[in-house]
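Residue numbers (the working numbering): 1 to 416.
All C-beta atoms in this analysis are idealised placements derived from N, C-alpha and C, irrespective of residue type, glycine included.
Following: one structure in structure tokens, then a few remarks.
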């Protein structure tokens with residue numbers, strides 16, 4: 001008689017903005033291959049999540065937990081999607097029923113929460129002592145992207161265990177990267193958040209400058225910028241809101257999941273993870289300066305101190321001058337722009353001009369878009385043709401736009 005494999009027991013801790021869409025993906029895609037263990041401190045909330053999924057047609061078996069001890073007893077794999085570092089540390093290490101301190105041999109615990117590198121490494125060490133595995137796997141993306149299977153995962157931990165859990169990851173993430181040893185997934189996420197803050201600040205400054213320059217057709221401006229080297233995800237996401245805010249200074253930024261305080265929290269974790277550098281003349285260790293990151297932090301800090309911490313990060317456009325004032329208060333020496341540009345022009349006037357670039361071969365697209373003289377003349381003389389309004393111009397699809405794809409379906413063989 002052949003052995004029958006039981007369903008894989010997978011637990012999810014945290015029924016918040018990210019936990020619910022992840023849980024729904026598992027419930028609808030795993031079917032009979034998974035026994036889903038749903039945990040929430042609020043048992044009524046967990047029951048509602050499961051009832052809603054069943055009502056929508058999920059056929060996966062589900063069990064509700066409000067204690068970590070029962071979750072540890074049941075689960076082969078546990079996924080955490082918690083709000084912040086303090087919650088993660090308590091659930092993993094400090095609670096009387098903490099998951100890692102009560103982990104079983106062979107168990108895999110995955111933390112999707114954004115924490116600091118030290119905590120990720122401590123969890124990995126404590127799990128290994130007990131014969132279990134801990135993976136730090138912070139996410140990049142929104143609740144909508146989680147629901148649509150479009151998250152980015154940065155995973156740190158043993159390659160073999162990352163490979164085993166990847167079929168589960170693929171049910172809610174389409175970009176999964178093993179970064180290396182424990183803590184490296186967290187490091188990648190914190191670096192990503194530093195770029196988010198910097199790009200957000202740059203977008204705010206760009207929209208302010210556009211307003212100073214008197215650019216009225218900002219929709220066309222955004223299309224141009226999005227097609228240029230100046231494009232970024234933050235520009236694409238936040239520039240329309242920023243344009244509205246800069247033209248209407250009394251307006252507040254909308255509420256969202258990407259708030260000023262959530263980004264500040266992630267940057268504080270990055271700061272805690274960065275090593276100190278030797279002080280001048282052998283003095284006490286000091287923090288290393290990163291001018292772009294520091295400037296974006298000032299803008300976020302000014303917004304948070306003004307009571308805008310619960311607003312979308314686009315609100316920093318109201319705090320550019322406040323950040324500049326903070327620089328002065330801190331006694332930072334800021335070189336006027338005119339000095340930097342003037343020095344450049346002096347160097348340029350005395351430098352030898354570089355020879356022009358040379359090219360050989362045909363440009364790309366020759367043969368695909370050749371134009372004969374008659375067509376060109378007809379085009380130039382078509383005076384009665386109505387020009388295309390700027391607002392009707394269409395943009396090429398962004399590289400980040402999602403494409404239709406097949407829904408992955410989980411089987412036990414994927415895991416084993």
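C-alpha gap between residue i and residue j, whole angstroms
i           : j           : result
residue 467 : residue 72  : Coverage of the chain is limited to positions 1 through 416, which leaves residue 467 absent and any answer about it impossible.
residue 395 : residue 225 : With a pLDDT of 45 at residue 395, under the threshold of 50, the modelled position of this residue cannot be trusted, and the question is left open.
residue 342 : residue 363 : 37 Å
residue 159 : residue 184 : 12 Å
residue 106 : residue 17  : 29 Å
residue 227 : residue 77  : 43 Å
residue 196 : residue 148 : 22 Å
residue 241 : residue 65  : 41 Å
residue 500 : residue 45  : There is simply no residue 500 to check, as the chain begins at 1 and stops at 416 in what is shown.
residue 111 : residue 213 : 46 Å
residue 151 : residue 141 : 5 Å
residue 96  : residue 37  : 20 Å
residue 231 : residue 218 : 14 Å
residue 345 : residue 357 : 22 Å
Beta carbon of residue i nearer than 7 Å to that of residue j
i           : j           : result
residue 116 : residue 349 : no
residue 258 : residue 313 : yes
residue 178 : residue 162 : yes
residue 103 : residue 127 : yes
residue 55  : residue 35  : no
residue 194 : residue 293 : yes
residue 108 : residue 133 : yes
residue 304 : residue 264 : yes
residue 323 : residue 308 : no
residue 192 : residue 157 : no
residue 49  : residue 22  : no
residue 171 : residue 26  : yes
Candidates the options: closest to residue i by CA position
i           : options            : result
residue 180 : 165, 200, 136      : 136
residue 86  : 113, 60, 62        : 113
residue 24  : 57, 306, 6, 182    : 57
residue 68  : 267, 11, 105, 159  : 11
residue 92  : 225, 120, 376      : 120
residue 79  : 241, 139, 230      : 139
residue 266 : 301, 218, 232, 229 : 301
residue 190 : 149, 76, 154       : 154
residue 188 : 29, 200, 269       : 269
residue 319 : 219, 246, 381      : 246
residue 75  : 143, 19, 99        : 99
residue 83  : 15, 101, 243       : 15
Buried or exposed (CB count within 10 angstroms, at least 16 for buried), residue i
i           : result
residue 316 : buried
residue 390 : Here the model assigns residue 390 a pLDDT of 46, short of 50, so the residue's position is not dependable and the matter cannot be decided.
residue 392 : Residue confidence is low: residue 392 scores 44 on pLDDT, short of 50, so the model does not pin down where it sits. Its coordinate-derived value is still stated next. Result: exposed.
residue 204 : buried
residue 371 : exposed
residue 366 : exposed
residue 173 : buried
residue 375 : exposed
residue 39  : buried
residue 94  : exposed
residue 131 : exposed
residue 198 : buried
One or two residues paired with residue i in a DSSP bridge
i           : result
residue 56  : BP columns for residue 56 are empty, so no partner.
residue 173 : 151
residue 37  : 11, 63
residue 156 : 136, 180
residue 23  : Per DSSP, none; premise fails for residue 23.
residue 78  : 11, 109
Contact test: residue i Cβ vs the ligand NAP heavy atom, cutoff 6 Å
i           : result
residue 312 : Inclusion of the ligand NAP in the displayed structure is not the case, the ligand content being empty and no account of it being possible.
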